[in-house]
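Protein chains in written order, with my numbering: chain A, 1 to 259; chain B, 1001 to 1251.
Just so it is clear, CB atoms sit at the ideal spot from N, CA and C, and this is done for glycine as well.
The structure presented is a predicted model; accordingly, all values stated were derived computationally and were not measured.
Taking it in order: structure first as structure tokens, then the write-up.
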Amino acid sequence: MKMLEDFGKGTTQFFEYAGGLTELGGESLSFIGKLKIRVTETIKQCYLLGLQSLIIVILTSLFTGMVFSLESAQQAVSYGFGNLVGSAVAYTSARELGPMLSAVVVAGRVGAAIAAEIGSMVVTEQIEALQSLGLAPARFLVVPRLLALIIMLPLLAVFADVVSIGGGAWIANTYAHISYDSFMSSARQTVGFQDILKGLSKSVVFGIIIALVGAYQGLGTRGGAAGVGKATTGAVVISIILIFVSNFILSYILFGNSH
Amino acid sequence: MSNVIARLDDVSMNYGERVVLQNCSLDVVEGAITCIIGLSGAGKSTILRLLNGLRKPESGHVYVKGTDICHMPEHELINFRSAIGFAFQFAALFDSMTIGENVALPLRENTSMSESEIEKTARGTLESVGLENNYDNFPSELSGGMLKRAGFARAVVTNPAIVLYDEPTTGLDPIITHLLTDTIKRLRAQLNGTAVVISHDLQSIFMMADYVAMLFEGAIIAYDSVTKIRASMNPIVQQFLQGSEVGPIPL
Chain A
1 MKMLEDFGKG TTQFFEYAGG LTELGGESLS FIGKLKIRVT ETIKQCYLLG
51 LQSLIIVILT SLFTGMVFSL ESAQQAVSYG FGNLVGSAVA YTSARELGPM
101 LSAVVVAGRV GAAIAAEIGS MVVTEQIEAL QSLGLAPARF LVVPRLLALI
151 IMLPLLAVFA DVVSIGGGAW IANTYAHISY DSFMSSARQT VGFQDILKGL
201 SKSVVFGIII ALVGAYQGLG TRGGAAGVGK ATTGAVVISI ILIFVSNFIL
251 SYILFGNSH
Chain B
1001 MSNVIARLDD VSMNYGERVV LQNCSLDVVE GAITCIIGLS GAGKSTILRL
1051 LNGLRKPESG HVYVKGTDIC HMPEHELINF RSAIGFAFQF AALFDSMTIG
1101 ENVALPLREN TSMSESEIEK TARGTLESVG LENNYDNFPS ELSGGMLKRA
1151 GFARAVVTNP AIVLYDEPTT GLDPIITHLL TDTIKRLRAQ LNGTAVVISH
1201 DLQSIFMMAD YVAMLFEGAI IAYDSVTKIR ASMNPIVQQF LQGSEVGPIP
1251 L
């Protein structure tokens, strides 16, 4: 009986959360649709959420590209398929590593920051103050962050693609003596512009997830400093789970027919 | 009684299982300062939040300027709230903005005034609360009393018809308390508007109030002018005013 009760409670909470998130998303999109956008704040958020994440995205992508190349180059060369390393690295980077890695890193850094900032505003009554001044928190706080991530996450993914392919090429060259020309020509043969575009479209969805989950967690903060901590952790965990789930769904939709 | 600008009509409200207000009714008289007194946690701040639509009651009605705001959708409430000033207990200034930007924000977002007019109005409002030299300071650079005054300035900068003050003098020294009480009286007179003040500071209440309402166990049990409330024969009111441990109020 208790198990059923817990299951029912969990299901209700899940749908409440999903409904709340959808409502916040809908409200934010309606402000974007009506062009009620705080342009200066959006530019500021592009810098804070996007540009300031560049170094960490570059570092993680570089080393992941290098590791992937290191693991695959040795095997490929030993079986006489050294000319395929470039395509393997570029293919994975453009479709998966670039968008996913940049999203996970940004979810950790930015999702937490959004939840913490908005959560602190909740506990210090700043959100109520906004509402009292006749300002909708969705327009004032969520829309600039949402737009910033929709714009910046695909750009970060492009950097992630380039850096991981570059790192992979360097490792393939120094470790398995695969020439840069051979690596890049193999990469170009396998990865088309469409693959890159599809990868970037994933980044747009991931950006929406990170911004909305971070903001929703922040707005739902209860109970002072401890509540802010809980909201922050929740933002990172939930965004990362949703990124992985949506990545599978998007890969199935975007690339399902190309295999 | 004179014109009523806002009214709680038989309002009940719970937070979880805790009953905060039960069949509570209150009239806010236009052009007057109404102070609400009561024990800590009695639901006084909830009344302010009901009056500007930040909370919705479980039952009953909240009328402001004759309109029942309980069934107003959020997008209408957002516009409605911009006509009511709210000075928060801890000022609730946006810490990423300067004091000037905080005060200018409602003008910038809700009016079509030019930038120069906005700055002039914001500076003028800050001057009226004695903060003319703090336009470019951030909230973290101001003392508690200055923050409260900046909060007052932001609440009144759009000349709202009603200003709600949530514990404006709590935790401040007697001189600043006196200054803030004077400021509330002066701002009300300047705006020719209405003020609702929640406070535990009886001296300050007696200085500024036109009407006093006492909230006890979820309902307004006494409501009258300062003189009549002070002379009230209600034992609960008397115990509260005297700060006595002996009486009908359970400790």
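Identity of the residue in the options nearest residue i by Cα
| i | options | result |
| --- | --- | --- |
| Gly220 of chain A | A:Ile127, A:Gly8, A:Ser87 | A:Ile127 |
| Ser251 of chain A | A:Lys202, A:Gly86, A:Leu62, A:Gly234 | A:Lys202 |
| Gln52 of chain A | A:Val110, A:Gly167, A:Thr12 | A:Val110 |
| Leu35 of chain A | A:Ala235, A:Phe255, A:Gln194, A:Val143 | A:Val143 |
| Ala1042 of chain B | B:Leu1077, B:Phe1216, B:Ser1128 | B:Phe1216 |
| Ala1091 of chain B | B:Asp1210, B:Pro1168, B:Pro1248 | B:Pro1168 |
| Asn1014 of chain B | B:Pro1160, B:His1200, B:Asp1166, B:Lys1056 | B:Lys1056 |
| Phe244 of chain A | A:Gly10, A:Ser102, A:Ile43, A:Tyr47 | A:Ser102 |
| Ser1082 of chain B | B:Arg1123, B:Ile1162, B:Ala1213, B:Asp1009 | B:Ile1162 |
| Leu1126 of chain B | B:Leu1039, B:Ser1143, B:Gly1100 | B:Gly1100 |
| Arg1188 of chain B | B:Ser1128, B:Ile1047, B:Leu1021, B:Glu1076 | B:Ser1128 |
| Asn1110 of chain B | B:Gln1089, B:Ile1249, B:Ile1078 | B:Ile1078 |
| Val1062 of chain B | B:Glu1115, B:Ile1047, B:Ala1231, B:Phe1094 | B:Ile1047 |
| Gly1144 of chain B | B:Val1157, B:Gly1171, B:Glu1119, B:Gly1124 | B:Gly1171 |
| Val77 of chain A | A:Gly256, A:Phe206, A:Thr174, A:Gly223 | A:Thr174 |
| Thr1098 of chain B | B:Asn1133, B:Val1028, B:Val1019 | B:Asn1133 |
| Val1212 of chain B | B:Asn1023, B:Asp1009, B:Lys1044, B:Val1019 | B:Lys1044 |
| Gly65 of chain A | A:Gln189, A:Met184, A:Ser182, A:Thr92 | A:Thr92 |
| Asn1003 of chain B | B:Thr1183, B:Val1019, B:Val1064 | B:Val1064 |
Short Cβ contact (8 Å threshold) for residue i with residue j
| i | j | result |
| --- | --- | --- |
| Arg139 of chain A | Ala215 of chain A | no |
| Met1208 of chain B | Thr1181 of chain B | yes |
| Gly167 of chain A | Leu62 of chain A | yes |
| Val1011 of chain B | Gly1066 of chain B | no |
| Ala1102 of chain B | Arg1149 of chain B | The sequence shown places Asn at residue 1102 of chain B, rather than the Ala named in the question. No, Cβ-Cβ distance for Asn1102 of chain B and Arg1149 of chain B is not below 8 Å. |
| Ile210 of chain A | Ala73 of chain A | no |
| Ala1087 of chain B | Tyr1165 of chain B | yes |
| Leu1026 of chain B | Ile1220 of chain B | yes |
| Leu1054 of chain B | Gln131 of chain A | yes |
| Leu262 of chain A | Val106 of chain A | Lying outside 1 to 259, the shown extent of chain A, residue 262 of chain A is not represented and no answer is given. |
| Ile1084 of chain B | Val1197 of chain B | no |
| Ala160 of chain A | Val85 of chain A | no |
| Ile165 of chain A | Ala90 of chain A | yes |
| Val213 of chain A | Ala116 of chain A | no |
Chain E contact for residue i (CB, 8 Å cutoff)
| i | result |
| --- | --- |
| Glu128 of chain A | No chain E appears in this structure, whose protein chains are A and B. |
Residues that residue i contacts on chain B, provided the C-beta gap is smaller than 9 Å
| i | result |
| --- | --- |
| Ala136 of chain A | Glu1074, His1075, Ile1078 |
| Thr12 of chain A | Within chain B, no residue comes near Thr12 of chain A; the closest Cβ sits about 16 Å away, beyond 9 Å. |
Interface residues of chain A facing residue i [CB-CB closer than 7 Å]
| i | result |
| --- | --- |
| Ser1082 of chain B | Leu133, Gly134 |
| Leu1105 of chain B | Leu133 |
Closer than 9 Å at the beta carbon, the chain A residues around residue i
| i | result |
| --- | --- |
| Leu1054 of chain B | Glu128, Gln131, Ser132 |
| Asn1110 of chain B | Leu133, Gly134, Leu135 |
Limits of the beta strand (DSSP E) - the one that residue i falls within
| i | result |
| --- | --- |
| Leu1215 of chain B | 1211-1216 |
Beta-bridge partners of residue i, as assigned by DSSP
| i | result |
| --- | --- |
| Ile1036 of chain B | B:Ile1198, B:Ala1213 |
| Arg1018 of chain B | B:Tyr1015 |
| Cys1024 of chain B | B:Val1011 |
| Val140 of chain A | Inspection of the sequence shows that residue 140 of chain A is occupied by Phe rather than by Val. According to DSSP, Phe140 of chain A bridges with nothing at all. |
| His1061 of chain B | B:Asp1009 |
| Phe1086 of chain B | B:Leu1164 |
| Ser1225 of chain B | B:Tyr1211 |
| Ile1220 of chain B | B:Leu1215 |
| Thr1067 of chain B | B:Val1064 |
| Val89 of chain A | DSSP output for Val89 of chain A lists no bridge partner at all. |
| Val1029 of chain B | B:Val1004 |
Heavy atom of the ligand GTP within 7 Å of residue i beta-carbon
| i | result |
| --- | --- |
| Ile249 of chain A | Within the structure as shown, the ligand GTP is missing, as the structure has no ligands at all. |
Contact set between residue i and chain B, taken where Cβ atoms lie within less than 7 Å
| i | result |
| --- | --- |
| Glu125 of chain A | Phe1088, Phe1090, Ala1092 |
Neighbouring residues, chain A, relative to residue i (Cβ below 8 Å)
| i | result |
| --- | --- |
| Leu1147 of chain B | What Leu1147 of chain B touches in chain A: nothing, since even the nearest Cβ is about 11 Å away. |
Extent of the continuous alpha helix (DSSP H) to which residue i belongs
| i | result |
| --- | --- |
| Tyr180 of chain A | 180-190 |
| Ile32 of chain A | 2-33 |
| Asp1182 of chain B | 1174-1191 |
| Lys36 of chain A | Element bounds for Lys36 of chain A: n/a, residue is neither H nor E. |
| Arg1081 of chain B | 1074-1081 |
| Ile240 of chain A | 224-255 |
| Ala215 of chain A | 193-219 |
| Ser132 of chain A | 126-132 |
| Gly1145 of chain B | 1144-1156 |
| Gly1124 of chain B | 1115-1128 |
| Asn1159 of chain B | Note, Asn1159 of chain B: premise wrong, no alpha helix (DSSP H); not H, not E. |
| Leu1050 of chain B | 1044-1051 |
| Met100 of chain A | 98-106 |
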